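Numbers in this note's numbering are just positions in the sequence shown, counted from 1, shifted up by 2.
Please read the structure below before turning to the comments.
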Amino acid sequence: MVTSILPLVMSDAVVKRRAKVLLGPVNLTISQTGFTIVMGPNGAGKTTLLRSLHGLERLAQGRAQWQTPLKDARRRQAFVFQSPIVLRRSVLENLTYPLRLRGTEKGRATALARDWAQRVGLGDALDNPAPQLSGGEKQKLALARALITQPDIVFLDEPCANLDGRATREIEDVLQASNAAGTRIVMATHNIGQAKRLALDVVFLLRGKIVEQSPAGAFFEEPKTPQAAALLRGDIVE
Numbered sequence: 003m004v005t006s007i008l009p010l011v012m013s014d015a016v017v018k019r020r021a022k023v024l025l026g027p028v029n030l031t032i033s034q035t036g037f038t039i040v041m042g043p044n045g046a047g048k049t050t051l052l053r054s055l056h057g058l059e060r061l062a063q064g065r066a067q068w069q070t071p072l073k074d075a076r077r078r079q080a081f082v083f084q085s086p087i088v089l090r091r092s093v094l095e096n097l098t099y100p101l102r103l104r105g106t107e108k109g110r111a112t113a114l115a116r117d118w119a120q121r122v123g124l125g126d127a128l129d130n131p132a133p134q135l136s137g138g139e140k141q142k143l144a145l146a147r148a149l150i151t152q153p154d155i156v157f158l159d160e161p162c163a164n165l166d167g168r169a170t171r172e173i174e175d176v177l178q179a180s181n182a183a184g185t186r187i188v189m190a191t192h193n194i195g196q197a198k199r200l201a202l203d204v205v206f207l208l209r210g211k212i213v214e215q216s217p218a219g220a221f222f223e224e225p226k227t228p229q230a231a232a233l234l235r236g237d238i239v240e
């Protein structure tokens with residue numbers, strides 16, 4: 003039986019840049035299952051938190067501890083950026099790339115790539131150069147490339163921020179299906195409607211600190227802090 007890399011336990015974590023504290027101290031446990039939505043006003047530290055959990059930010063203090071060695075944990079997680087990053091290759095080659103890095107046989111990698119392309123609506127674009135895709139198509143490609151390895155957890159930084167309603171719905175469908183299949187999801191969004199549709203629990207950030215964390219129902223119906231209540235009303239939160 004393969005040991006899960008989760009839970010991920012972040013203890014007294016602080017991120018600094020040029021002596022300025024961007025995040026923390028943060029204490030947070032990401033459990034083995036669930037769909038966590040990270041919310042907060044612009045500049046609250048949502049991206050920094052996700053990057054810190056994933057390991058893209060160096061902690062000035064504290065630690066983020068996985069349940070397996072770091073090398074193993076890195077291979078079994080993924081990150082989807084707000085501005086999608088694609089390789090200067092075809093859609094098919096973008097999708098097979100992470101599989102081939104892991105030693106997947108070429109035929110198997112191609113079959114998986116075709117399957118995931120269909121799932122995200124890119125089945126007819128496999129031979130197209132990825133840089134020529136539309137913004138929504140690039141984001142769906144980035145999502146499929148992150149999920150194709152069946153990671154234990156995927157972090158997403160506002161993946162639907164620049165997409166239309168149809169593309170947003172398609173991405174949400176893929177995320178919900180992947181979560182139901184066992185992939186842990188932690189996602190930042192500024193879209194309250196999207197948060198209500200997807201979240202099982204919510205982490206609310208303000209000025210780089212977690213000021214509220216609760217199950218989704220409780221957060222949206224009875225927020226504990228005036229700042230969270232203001233955010234949900236659509237007020238400006240500073």
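The beta carbon of each residue, even a glycine, is placed where N, CA and C say it ideally should be.
What you are looking at is a predicted structure, and each value in this text was computed from that prediction instead of being measured.
{"query": "For the stretch 183-213, which segments carrying the alpha helix (DSSP H) assignment without a break, of at least 4 residues, lie completely within its bounds, in sequence order?", "result": "194-200"}
{"query": "Once DSSP output is grouped into helix, strand and coil, what is the label at Val17?", "result": "strand"}
{"query": "Give the secondary structure of Gly219 by DSSP, where H, G and I count as helix, E and B as strand, and everything else as coil.", "result": "helix"}
{"query": "Count the other CB atoms within 10 Å of the CB of Asn96; is the residue buried (16 or more) or exposed (fewer)?", "result": "buried"}
{"query": "Please identify the residue among Asn130, Asn164 and Val205 whose C-alpha is closest to the C-alpha of Ala220.", "result": "Val205"}
{"query": "When the Cβ atoms of the stretch 141-159 are set against those of the stretch 174-188, are three or more pairs found closer than 8 Å?", "result": "yes"}
{"query": "Can you have a look at Gln152 and say buried or exposed, based on whether 16 or more other CB atoms are within 10 angstroms of its CB?", "result": "exposed"}
{"query": "Whether or not the stretch 161-177 and the stretch 8-20 are in contact is what I'm after, with contact meaning three or more pairs of Cβ atoms, one per stretch, closer than 8 Å; do they touch?", "result": "no"}
{"query": "Assuming Pro43 contacts Ser92 (C-beta within less than 8 Å), just tell me the rounded distance between them.", "result": "The Cβ separation is near 39 Å, so there is no contact."}
{"query": "Would you mind working out which of Leu89, Met41 and Val16 sits nearest Arg60, comparing C-alpha positions?", "result": "Val16"}
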